[in-house]
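Worksheet: the structure to be examined is printed underneath.
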Amino acid sequence: MKSNENNIDFENSIGPWLGQTGKIVDYFFQETFKSNSLDLTKEQMIVLKKLHDQDGLNQNELAFLTLRNKSSLTRLLTKMEAKNYIFRKQCKEDKRIKNVYLTEFGKEVFEKTKPVIQHIITTMEQNISSEEKQQIIKIFKKIQTNFRSKIGHI
Numbered sequence: 001m002k003s004n005e006n007n008i009d010f011e012n013s014i015g016p017w018l019g020q021t022g023k024i025v026d027y028f029f030q031e032t033f034k035s036n037s038l039d040l041t042k043e044q045m046i047v048l049k050k051l052h053d054q055d056g057l058n059q060n061e062l063a064f065l066t067l068r069n070k071s072s073l074t075r076l077l078t079k080m081e082a083k084n085y086i087f088r089k090q091c092k093e094d095k096r097i098k099n100v101y102l103t104e105f106g107k108e109v110f111e112k113t114k115p116v117i118q119h120i121i122t123t124m125e126q127n128i129s130s131e132e133k134q135q136i137i138k139i140f141k142k143i144q145t146n147f148r149s150k151i152g153h154i
């Protein structure tokens with residue numbers, strides 16, 4: 001007979017709920033973009049938002065801000081360049097650095113995402129009070145802090 005201390009109650013931990021919720025949110029993003037005729041992924045939208053806030057970021061800064069490694073960001077940017085959302089330009093001071101800029105078309109696409117994103121946020125936060133929202137954010141920040149303190153040790 002196994003003792004209870006060897007049983008891991010993963011189903012009742014936070015992990016599966018975070019994972020399932022993330023997948024549902026990702027799916028809703030994709031379906032909502034598709035139904036609004038936006039040829040865009042959530043990851044591409046995040047890059048558009050970061051560049052809208054600060055156009056001309058270099059790839060290292062963009063990788064850091066989007067929590068992506070350099071090679072996956074490079075693949076993402078290549079796809080975005082093919083769609084004419086962004087362009088990369090070599091830095092004059094340091095030829096090893098490429099800065100990333102929105103094209104005019106990329107700016108237009110980002111503007112078209114704003115009401116779609118607002119719809120997604122409204123749907124996500126429906127029936128959640130502002131106090132509950134603040135509590136959720138506080139808990140997510142704690143979880144992120146818990147993992148960030150361990151990442152360097154892995």
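Straight run, no breaks: the sequence shown in the UniProt record's numbering ends on number 154. Note that CB positions come from ideal geometry on N, CA and C, so glycine has one too.
With respect to the C-alpha of T32, the residue from S129, I128, V116, Q135 having the closest C-alpha is V116. For the options N84, I121, H119, the alpha carbon positioned closest to that of F105 is the one of N84. The way I'd put it, the region 43-60 does touch the region 80-97; three or more beta-carbon pairs between them come closer than 8 Å. Rounded to the nearest whole angstrom, the CA to CA distance from L51 to L102 is 6 Å. Boundaries of the beta strand (DSSP E) harbouring R88: 86-90, taken from the DSSP string. By the Cβ neighbour-count rule, L67 is exposed, with fewer than 16 other Cβ atoms within 10 Å of its own.
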